[in-house]
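Notes for the one structure printed next.
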């Protein structure tokens, strides 16, 4: 592989230009940052790109659909357009929406001089430390966050709860220290987990190579690691054996593997014990599917509160209050639509690290520093690009498309004999003692592309629960064997959730499982929100499942039997900040030999109801495709 | 209602931008088959095109006299474009009939006309001392001119009527510890003035907040919240509160005048005796504006391009021949401050050692003007200069640059009774990124940022009434920070009516 960390040149997005309408039609979503992880294998890249586009298209459809099942004023979010299905007028430019990547909730809930004030009042030094280690168990925070955080009400443990859960601004880090406990390298990633799930479907070996190349990029020879497929695969929590994914016949992917878990990279001592790294996002809300959903939810104009990001997020109920990201993303998108546009994430959709500001960095005065050495030389882009040209405008995007960066001394400095490490570089006069100090100097961004309105967006009331919930909300579908391993694998984060153990299922992805025509008696699961909540249901009251074609009609080629029901599945559905109780259906699914290939929606029909247009299908919950490796 | 106002104001500009967007130059796709690619192959590109860049802000600055109500989107690029649009519109020649309004008969071709001493829009805003009068006297009407010996004659409005316009620039101390001054290489002191627009003036006058005693009760109910241009504050005006703080330098050499926004000024230096009429040139300008999307204000700061080099430019030796506040050939043996960069004259050699007012300060910009993709001020400056140059190639505003724009993306409304420090979080640029300061206004505290200080802006203090009880420490209230004045240091200038002033 010539460059396991990514291609030296970006791939070319695929648009079709229509001179009649002077518009561009996106033909398929481009891989994040226009990065190509198969520069040596165009065929593999084509497979990856097709699967990636299919997955993102599903996310877009789900985002526009919203939640028509158990929520009010949160559906048909059509001011968000799907660029795969909407022509883009020539010249329509993209705008960056950027936010500081240091987690603002740590500042809001634990820091000084906040509104409303918190009881902890911690100084900056402690906030930096907590951002690096996540030792937040003794800092409960308000459950009620609207209209403002209520410190007089009930409190809950600080979440999200994963091994990097508190890094919830769509940027996660892993810090490498030397034997003197001084920082020698910080890895930054904003890559979404869905991409790695997709890449794994195409080639687990390539995932291992990408990991190895990225985590070794620029690292000295004595800190180089070897990453194997075995390091990354999902193990059965009962047997310890790899879990075979029925979609591929190969081991499934473990998103919290030893090279992508927690905020610490161990690169000293016995190499057999080395671990850690930041390759993709792991905080449960840090997913692309959620980001797109947030974007769509924010397009809805509300009757009040549109200029106040806190009021708007309370009203529209997208994302988490007090982040730098969610309220800011939401308000910016809301303003763009309020100004008379429709908007979507610009292709390639994703979250991107922006170039830090080095204005307050200072290098130690080391006579061996090469002439012209600058702090920014330590910022090394490992995956992605500092600048890309927008194919629609032929001008640079107003921001960077960096997926992974490392902050470390250049090898040339080490070769020149400098006597300092990253830990001796100062930011605003403070030596870099924590990776989070660097986080505070850079932003994460997404790119939106407003276009003249295709669909009007009349204002709506605030999101609310209906007086009586009668419909079921689909949440996630998966092969049962994979789900069982995900749900059965217990995680031990620094701060445990209050209602039960943290499970790996919270780090799974909302990607529809692949089935093939002729498959029989496949064991799938469907996680959902039942109108009856956690009440046990006798078998006669189990719902029925209907898979739907793109026109919303039932697909008679797929037969499904509900074989089991679990009223209480406690986990954070991918994209959610906090765990909640959900329900699960065990399904046995058979596909007729003549079933056409394509993506299917799903309708959950509660007992006593019938399949009808009154129940909106949830898009992209199953894919009928070719056999694995066919 | 608030949303509707914003939407209407943004809609026209945005739709214009979107509709007017032109197809990519030189890259029109020729093929229309299914797999056609655009002609524009993604590639890495240089950070700045020669034409400059707006970073796709939704309302790119134009040479017009209309002051914007708010930024279009809560993005740094839009904040920067908003800042420049304010500088242009508030730098427009003022109406001779109505303070704070532009003379709309002045064409764009006259923007920043050299040697024009007529006041600009912001120069006809009310100076702080016109509003906060001794003994809490009621200020004159917005369009009134000062009269009487007890009130300082201020040039902004006097220039409207006098053949000898005059500014009062008696303030020399900067807003940092020790109130240090700033002496140019010409050995002349930098002079400052602070002004407010009609919306803020109306708010203060209508609510009697020029009276320190009134502030004490008003701050808790209904609370001091300066107008933001929304429907809830429409009674005070359409724009929201705007304050300016300007730095001027006397320009005795008329050869310098064509490069500066100049005004006539009536000045008196602290070591001088007589006031005198001179011509001054603008070297720095803060514009702060409270808006619907900027409850923490939007803080823009501009400087003359000849003020000083950045630290990077000093290090690289890429220097101009001459600066107002930096001597490229400074000799440590003869320079009073030994050529030390940004030596604070209030503390140099110890605060008890009086340092001379006429010793030049060697000033450098600690933080270079941002050029990173998400805060490309350098690119926007170039873009705006191109617009100005197209209107008036000789405009003095070609010699000014935006340093940066600061705003908070939490946009938190200040509640009644709030005490200092007010919320100053979620700032853009972040405090660990570029501090937003002006080398002529915060010369010696360039590592700070506007809100670092303004979050602690208090209401005016009042003298206590004569004590009638013996002090009982067990019943004394816990010490608390002063009530906050919505980030404005102007309100602190209010005095008490004479009858209410205490006797100790």
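Chains as they are written, first to last, in the numbering used here: chain A, 7 to 636; chain B, 6 to 509.
Glycine included, every Cβ here is placed at the ideal spot set by N, Cα and C.
Counted within 10 angstroms of its Cβ, other Cβ atoms place residue 508 (chain A) as buried (16 or more) or exposed: Here the question's residue 508 (chain A) lines up with position 502 in the first chain. Its Cβ being crowded by 16 or more others within 10 Å, residue 508 (chain A) is buried.
Alpha-carbon to alpha-carbon, residue 343 (chain A) and residue 86 (chain A): Within the first chain, residue 86 (chain A) is the residue found at index 80, counting from 1. Within the first chain, residue 343 (chain A) is the residue found at index 337, counting from 1. Spanning the two alpha carbons is a distance of roughly 9 Å.
Among A:554, A:577, A:609, the one whose alpha carbon lies nearest that of residue 602 (chain A): Here residue 602 (chain A) corresponds to residue number 596 of the first chain, with the count starting at 1. Closest by alpha carbon: A:554.
Contacts that residue 428 (chain B) makes with chain A (C-beta to C-beta distance below 8 Å): One-based indexing of the second chain puts residue 428 (chain B) at position 423. 119, 120, 121, listed in chain order.
Residue 490 (chain B) beta carbon less than 9 Å from that of residue 229 (chain B): The residue given as residue 229 (chain B) occupies position 224 in the second chain. The residue given as residue 490 (chain B) occupies position 485 in the second chain. In contact: residue 229 (chain B) and residue 490 (chain B) (Cβ atoms closer than 9 Å).
Beta-carbon proximity of residue 455 (chain B) to residue 249 (chain B), cut-off 9 Å: In the second chain, the residue the question calls residue 455 (chain B) occupies position 450. In the second chain, the residue the question calls residue 249 (chain B) occupies position 244. No. Outside cutoff.
Reduced DSSP secondary structure (H/G/I, E/B, other) of residue 251 (chain A): Taking the first chain and counting its residues from 1, the one referred to as residue 251 (chain A) is at position 245. DSSP places residue 251 (chain A) in strand when its eight states are reduced to three.
Strand pairing of residue 281 (chain A), partner residues [DSSP]: On the first chain, position 275 is the one that residue 281 (chain A) refers to. Answer is A:272, bridged to residue 281 (chain A).
Cutoff 7 Å; reference residue 296 (chain B); Cβ partners in own chain excluding five residues on either side: Translated into the one-based positions of the second chain, residue 296 (chain B) becomes position 291. Hits under 7 Å: 74, 75, 233, 234, 245, 303.
For residue 295 (chain A), the nearest candidate out of A:170, A:200, A:99 (CA to CA): Taking the first chain and counting its residues from 1, one reaches residue 295 (chain A) at position 289. Selected option, being the one with the closest Cα: A:200.
Which of helix, strand or coil DSSP assigns to residue 268 (chain B): The residue given as residue 268 (chain B) occupies position 263 in the second chain. Residue state, collapsed to three classes: strand.
Chain-order list of residues whose beta-carbon lies under 6 Å from that of residue 547 (chain A) (same chain, five-residue window excluded): Position 541 of the first chain, counting from 1, holds the residue named residue 547 (chain A). For residue 547 (chain A), where only same-chain residues beyond five positions count, the Cβ hits under 6 Å are 613.
Backbone CA spacing between residue 458 (chain A) and residue 36 (chain A) [nearest angstrom]: As a working note, residue 458 (chain A) is residue 452 in the first chain. As a working note, residue 36 (chain A) is residue 30 in the first chain. Each residue's alpha carbon lies about 23 Å from the other.
Where residue 18 (chain B) sits in the DSSP three-state scheme: By one-based count along the second chain, residue 18 (chain B) stands at place 13. Residue placement at residue 18 (chain B) cannot be trusted, given a pLDDT of 42 that sits under 50; what the coordinates show is reported in the next sentence. Correct three-state label for residue 18 (chain B): helix.
Spatial neighbours of residue 494 (chain B) in its chain, beta-carbon cut-off 6 Å, leaving aside the 5 residues before and after: Here residue 494 (chain B) is taken as the residue at index 489 of the second chain, counted from 1. The residues are 462.
Whether residue 631 (chain A) touches residue 528 (chain A) by CB criterion (9 Å): Here residue 631 (chain A) is taken as the residue at index 625 of the first chain, counted from 1. Here residue 528 (chain A) is taken as the residue at index 522 of the first chain, counted from 1. Not in contact: residue 631 (chain A) and residue 528 (chain A) (Cβ atoms no closer than 9 Å).
Exposure of residue 581 (chain A), with buried meaning 16 or more beta-carbon neighbours within 10 Å: Taking the first residue of the first chain as 1, we reach residue 581 (chain A) at position 575. Buried.
Proximal residues of chain B, C-beta to C-beta of residue 194 (chain A) below 7 Å: By 1-based counting over the first chain, the position of residue 194 (chain A) is 188. Residues of chain B passing the Cβ test: none, with the nearest at roughly 15 Å.
Extent of the continuous beta strand (DSSP E) run through residue 410 (chain A): Position 404 of the first chain, counted from the first residue, corresponds to residue 410 (chain A). Segment 407-414, the beta strand (DSSP E) holding residue 410 (chain A).
Contact between the stretch 95-112 of chain A and the stretch 445-457 of chain A (3+ Cβ pairs under 8 Å): yes
Cutoff 9 Å: residue 149 (chain B) Cβ touching any chain A Cβ: Your numbering for residue 149 (chain B) matches position 144 in the second chain. Cβ-Cβ to chain A under 9 Å: no for residue 149 (chain B).
Residues sharing a beta bridge with residue 281 (chain B), DSSP: The residue labelled residue 281 (chain B) in the question sits at position 276 within the second chain. According to DSSP, residue 281 (chain B) bridges with B:272.
Cβ distance (whole Å) where residue 207 (chain A) is taken to contact residue 43 (chain A) below 8 Å: The residue labelled residue 207 (chain A) in the question sits at position 201 within the first chain. The residue labelled residue 43 (chain A) in the question sits at position 37 within the first chain. About 13 Å; that fails the 8 Å criterion.
Contact with chain A by residue 491 (chain B), beta-carbon distance below 9 Å: The residue labelled residue 491 (chain B) in the question sits at position 486 within the second chain. Not closer than 9 Å to any Cβ of chain A, the Cβ of residue 491 (chain B) fails to qualify, so no.
Contact under 9 Å by Cβ, residue 369 (chain B) with residue 411 (chain B): In the second chain, the residue the question calls residue 369 (chain B) occupies position 364. In the second chain, the residue the question calls residue 411 (chain B) occupies position 406. Result no, Cβ atoms of residue 369 (chain B) and residue 411 (chain B) do not sit closer than 9 Å.
Distance, residue 209 (chain B) Cα to residue 467 (chain B) Cα: Counted from its first residue, the second chain places residue 467 (chain B) at position 462. Counted from its first residue, the second chain places residue 209 (chain B) at position 204. When rounded, the distance between both Cα atoms is 17 Å.
Chain-order list of residues whose beta-carbon lies under 6 Å from that of residue 486 (chain B) (same chain, five-residue window excluded): As a first step, residue 486 (chain B) must be located in the second chain, where it is residue number 481. Result list for residue 486 (chain B): 424, 425, in chain order.
Validate contact between the stretch 14-34 of chain A and the stretch 78-97 of chain A using beta carbons, cut 8 Å, 3 pairs: yes
4 or more residues per run - each alpha helix (DSSP H) lying fully within the stretch 30-97 of chain A: 48-71
Exposure of residue 513 (chain A), with buried meaning 16 or more beta-carbon neighbours within 10 Å: Locating residue 513 (chain A) in the first chain gives position 507, counting from the first residue. With 16 or more other Cβ atoms within 10 Å, it is buried.
Simplified DSSP assignment, three categories, for residue 459 (chain B): The residue given as residue 459 (chain B) occupies position 454 in the second chain. The answer is helix: DSSP assigns residue 459 (chain B) an H, G or I state.
Exposure label - residue 616 (chain A); buried when at least 16 CB within 10 Å: Walking along the first chain from the start, residue 616 (chain A) turns up at place 610. Its Cβ having fewer than 16 others within 10 Å, residue 616 (chain A) is exposed.
Cβ shell of residue 336 (chain A) (< 7 Å), same chain only, five flanking positions each side left out: Residue numbering aside, residue 336 (chain A) sits at position 330 when the first chain is read from its first letter. These residues qualify, in order along the chain: 300, 304, 315, 318, 319, 322, 324, 325.
Minimum C-alpha distance to residue 483 (chain A) - residue among A:627, A:565, A:350, A:376: Here residue 483 (chain A) corresponds to residue number 477 of the first chain, with the count starting at 1. Residue 483 (chain A) has its Cα closest to that of A:627, out of A:627, A:565, A:350, A:376.
Buried or exposed by the 16-neighbour rule on C-beta atoms within 10 Å, applied to residue 625 (chain A): To locate residue 625 (chain A), count along the first chain from 1; it is residue 619. It is buried - the Cβ of residue 625 (chain A) has at least 16 other Cβ atoms within 10 Å.
Cutoff 9 Å: residue 420 (chain B) Cβ touching any chain A Cβ: Stepping through the second chain from its first residue, residue 420 (chain B) is reached at position 415. Chain A, which has a Cβ nearer than 9 Å to the Cβ of residue 420 (chain B), makes this yes.
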